[in-house]
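Below is one structure, written out as structure tokens, with a few remarks after it.
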Amino acid sequence: MKELNQYLDVAPEVKKALEEGRPVVALESTIISHGMPYPQNVETALEVERLVRESGAVPATIAVIGGRLRAGLSKEEIDHLGKKGHGVAKVSRRDLAVVCARGMDGATTVTTTMIIAHMAGIEVFATGGVGGVHRGAETTMDVSADLEELAQTPVMVICAGAKSILDLGLTLEYLETRGVPVLGYQTQELPAFYTRHSGFAVDYEVDSPEELARVFHTKREMGLSGGVLVGNPIPEEYSMDKAVIDQAIDQALAEADEQGIHGKECTPFLLAKVAELTGGDSLDSNIRLVFNNVVLGAKTAVALRALEG
Numbered sequence: 500m501k502e503l504n505q506y507l508d509v510a511p512e513v514k515k516a517l518e519e520g521r522p523v524v525a526l527e528s529t530i531i532s533h534g535m536p537y538p539q540n541v542e543t544a545l546e547v548e549r550l551v552r553e554s555g556a557v558p559a560t561i562a563v564i565g566g567r568l569r570a571g572l573s574k575e576e577i578d579h580l581g582k583k584g585h586g587v588a589k590v591s592r593r594d595l596a597v598v599c600a601r602g603m604d605g606a607t608t609v610t611t612t613m614i615i616a617h618m619a620g621i622e623v624f625a626t627g628g629v630g631g632v633h634r635g636a637e638t639t640m641d642v643s644a645d646l647e648e649l650a651q652t653p654v655m656v657i658c659a660g661a662k663s664i665l666d667l668g669l670t671l672e673y674l675e676t677r678g679v680p681v682l683g684y685q686t687q688e689l690p691a692f693y694t695r696h697s698g699f700a701v702d703y704e705v706d707s708p709e710e711l712a713r714v715f716h717t718k719r720e721m722g723l724s725g726g727v728l729v730g731n732p733i734p735e736e737y738s739m740d741k742a743v744i745d746q747a748i749d750q751a752l753a754e755a756d757e758q759g760i761h762g763k764e765c766t767p768f769l770l771a772k773v774a775e776l777t778g779g780d781s782l783d784s785n786i787r788l789v790f791n792n793v794v795l796g797a798k799t800a801v802a803l804r805a806l807e808g
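Using the numbering used here, you'd call the opening residue of the sequence shown number 500 and step up by one each time.
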């Protein structure tokens, strides 16, 4: 990562925490610009940072600003990304060089948040959901870059599972092939983002932030490459009815197909359409599951710092 470090700026608060060995949690910015409408996106992002601090860690919202990779943003920069919305480039690994060379702003996906977090020395990243193998991938070859990043970049990613617009079974198969441990936090099933149950088993159930920290620490100590994926189910009171969400997803997929929407525009379209079809219930669930994940992320980062001394 040395070649990339010349393009990296770490916010003073985050840099000081890392130098002092205090826990830091990485947060993505695609959820700000592409995941929710303004002003809910900015309100959610600032509340997420507050929850991380309240839980004992330092938040590091990650993005590309003016061609610079940034670990830690100001409130003004978060508001800028929120207001600009889809006008901000959605940046995956393939986009980084172009966006930086052109001095552009970019919202980081799970993939690029992992890359920049690792460059900065941040080990725990909390988000909403990860990408995966898309339905119909046997013909389209549409597989999220998130899965490849998990296979090579040593960051623990805490999420509410893979988005239920994806093929969850194939996503788990892909992760197994690439050697990525998939852990369920107090569950034996991979959460399905809006709902707690998918019917697909995780590799191992883990019961505490301390155990999550031990698994990640041990994996690194053994010299095993890649990250760890943690599925943290949405709280019961915010979980949506599986039949309702599945019907909305099927309709959204059909409309995406009719309109020829594919590639990196597919997920934002599907999430927006599902929110529309559920009368906004899915957006509320999305916000609540993010809050739930960042609190677990902060507790895990605290446990990891205690373990590593």
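We put the CB at the ideal spot given by N, CA and C, even for glycine.
Check: For GLY628, which of GLU546, PRO511 and ILE786 has the nearest alpha-carbon?
Finding: Out of GLU546, PRO511 and ILE786, the CA that lies nearest to the CA of GLY628 is found in ILE786.
Checklist line | First and last residue of the uninterrupted beta strand (DSSP E) at ILE530 | finding: Where ILE530 is concerned, there is no enclosing beta strand (DSSP E), although the alpha helix (DSSP H) it sits in stretches over 529-532.
Notebook entry, point to check: For ILE564, which residues of its own chain have a beta-carbon under 7 angstroms away from its beta-carbon, when the five flanking residues on both sides are left out?
Noted result: These residues qualify, in order along the chain: GLU576 and ASP604.
Next item on the list: Could you give the DSSP three-state label for LYS574: helix, strand or coil?
Entry: In this structure, LYS574 counts as helix in the three-state DSSP scheme.
Next item on the list: Taking only the alpha-carbon atoms, compute the straight-line gap between THR639 and THR608 and give it to the nearest angstrom.
Entry: Computed Cα separation, rounded: 21 angstroms.
Note to self: Quick check on DSSP: helix, strand or coil for HIS761?
What the structure shows: Residue state, collapsed to three classes: coil.
Next item on the list: For LYS501, count neighbouring C-beta atoms within 10 Å of its own C-beta (all shown protein chains included) and say buried if the count is 16 or more, exposed if not.
Entry: Residue placement at LYS501 cannot be trusted, given a pLDDT of 46 that sits under 50; the coordinates are not used to answer.
Check: Going by C-alpha distance, which of GLY725, SER781 and LEU669 is nearest ALA747?
Finding: Relative to ALA747, the option among GLY725, SER781 and LEU669 whose CA is nearest is SER781.
Check: When we look at the beta-carbon of VAL597 and count the other beta-carbons within 10 Å, is it buried (16 or more) or exposed?
Finding: Exposed is the call here.
Notebook entry, point to check: How big is the Cα-Cα spacing for ALA797 and ARG592?
Noted result: Going by the C-alpha atoms only, they are around 26 angstroms apart.
Next item on the list: Round the Cβ separation of VAL729 and TYR684 to the nearest angstrom and send it over; I've been treating them as touching at under 8 angstroms.
Entry: About 6 angstroms separates the two Cβ atoms, so the contact holds.
Next item on the list: Would you mind sorting GLY571 into buried or exposed? The rule is 16 or more other CB atoms within 10 Å of its CB.
Entry: Label assigned to GLY571: buried.
Item checked: Through-space distance from LEU770 to ILE561, alpha-carbon basis -> Near 22 angstroms, if we compare the C-alpha coordinates of LEU770 and ILE561.
Checklist line | Cα-Cα separation between THR676 and VAL632, rounded to whole angstroms | finding: Roughly 13 angstroms between the two C-alpha positions.
Next item on the list: Could you tell me which residues DSSP puts in a beta bridge with MET655?
Entry: In the DSSP output, where bridge partners are listed per residue, MET655 has VAL623 and VAL727.
Next item on the list: Let me know the secondary structure DSSP gives VAL679 once reduced to three states.
Entry: In the structure shown, VAL679 sits in coil (DSSP, three-state: anything other than H, G, I, E or B).
Item checked: Counted within 10 angstroms of its Cβ, other Cβ atoms place GLY581 as buried (16 or more) or exposed -> With 16 or more Cβ atoms within 10 Å of its Cβ, GLY581 is classed as buried.
Checklist line | Stretch pair the segment 657-673 + the segment 787-795: three plus CB contacts closer than 8 angstroms | finding: Yes: the two stretches touch, three or more of their Cβ pairs being nearer than 8 angstroms.
Item checked: Cβ-Cβ distance between LEU667 and VAL727 below 9 angstroms -> With contacts defined by Cβ atoms closer than 9 angstroms, LEU667 and VAL727 do not form a contacting pair.
Margin query: Beta-carbon within less than 8 angstroms of THR626's beta-carbon, same chain only, minus the 5 sequence neighbours each way: which residues are those?
Written below: The beta carbon of THR626 is closer than 8 angstroms to those of LEU526, GLU527, ILE530, VAL609, THR612, VAL656, ILE657, CYS658, VAL789 and ASN792 in its chain, skipping five residues each way along the sequence.
Margin query: Please state the DSSP three-state secondary structure of LYS501.
Written below: Model confidence at LYS501 stands at a pLDDT of 46, short of 50, so the residue's coordinates are unreliable; what they give is reported in the following sentence. Here LYS501 sits in helix by DSSP.
Check: So, VAL473 versus ALA559, is the Cβ gap smaller than 9 angstroms?
Finding: In the structure as shown, the chain begins at 500 and stops at 808. Residue 473 is therefore absent and cannot be evaluated.
Next item on the list: Could you tell me if GLU553 is buried or exposed, where buried requires 16 or more neighbouring beta carbons within 10 angstroms of its beta carbon?
Entry: It is exposed - the Cβ of GLU553 has fewer than 16 other Cβ atoms within 10 Å.
Next item on the list: Return the CA-CA distance between GLU542 and VAL623, expressed in angstroms with no decimal places.
Entry: Going from the Cα of GLU542 to the Cα of VAL623 covers about 22 angstroms.
Margin query: So, with DSSP's three-state summary, where would you put LYS582?
Written below: Under the three-state reduction of DSSP output, LYS582 falls in the helix class.
Checklist line | Validate contact between the segment 684-696 and the segment 731-747 using beta carbons, cut 8 angstroms, 3 pairs | finding: Contact between the segment 684-696 and the segment 731-747 is present: three or more C-beta pairs spanning the two stretches fall below 8 angstroms.
Next item on the list: Excluding the 5 residues preceding and the 5 following LYS583 in the sequence, name in chain order all residues of the same chain whose CB lies nearer than 8 angstroms to its CB.
Entry: Excluding sequence positions up to five before and after LYS583, its CB lies within less than 8 angstroms of the CB of SER532 and ASP604, all in the same chain and listed in chain order.
Next item on the list: Express the C-alpha separation of ALA774 and ALA619 in angstroms, rounding to a whole number.
Entry: CA-to-CA, the gap between ALA619 and ALA774 works out to about 34 angstroms.
Next item on the list: Please name the residue in LEU649, GLY534, SER573 and VAL701 whose C-alpha comes closest to that of ASP454.
Entry: A query on residue 454 cannot be resolved here, the shown segment of the chain reaching from 500 to 808 and no further.
Notebook entry, point to check: What is the rounded straight-line gap between the Cα of VAL546 and the Cα of TYR537?
Noted result: The sequence shown places Glu at residue 546, rather than the Val named in the question. Rounded to the nearest whole angstrom, the C-alpha separation of GLU546 and TYR537 is 14 angstroms.
Notebook entry, point to check: Around the Cβ of SER707, are there at least 16 other Cβ atoms within 10 angstroms (buried) or fewer (exposed)?
Noted result: It is exposed - the Cβ of SER707 has fewer than 16 other Cβ atoms within 10 Å.
Next item on the list: Would you tell me roughly how many angstroms separate the C-alpha atoms of ALA516 and ILE614, rounded to the nearest one?
Entry: Approximately 19 angstroms between the Cα atoms of the pair.
Margin query: I need the straight-line Cα distance from SER724 to PHE715, nearest angstrom please.
Written below: SER724 and PHE715 have their C-alpha atoms some 11 angstroms from each other.
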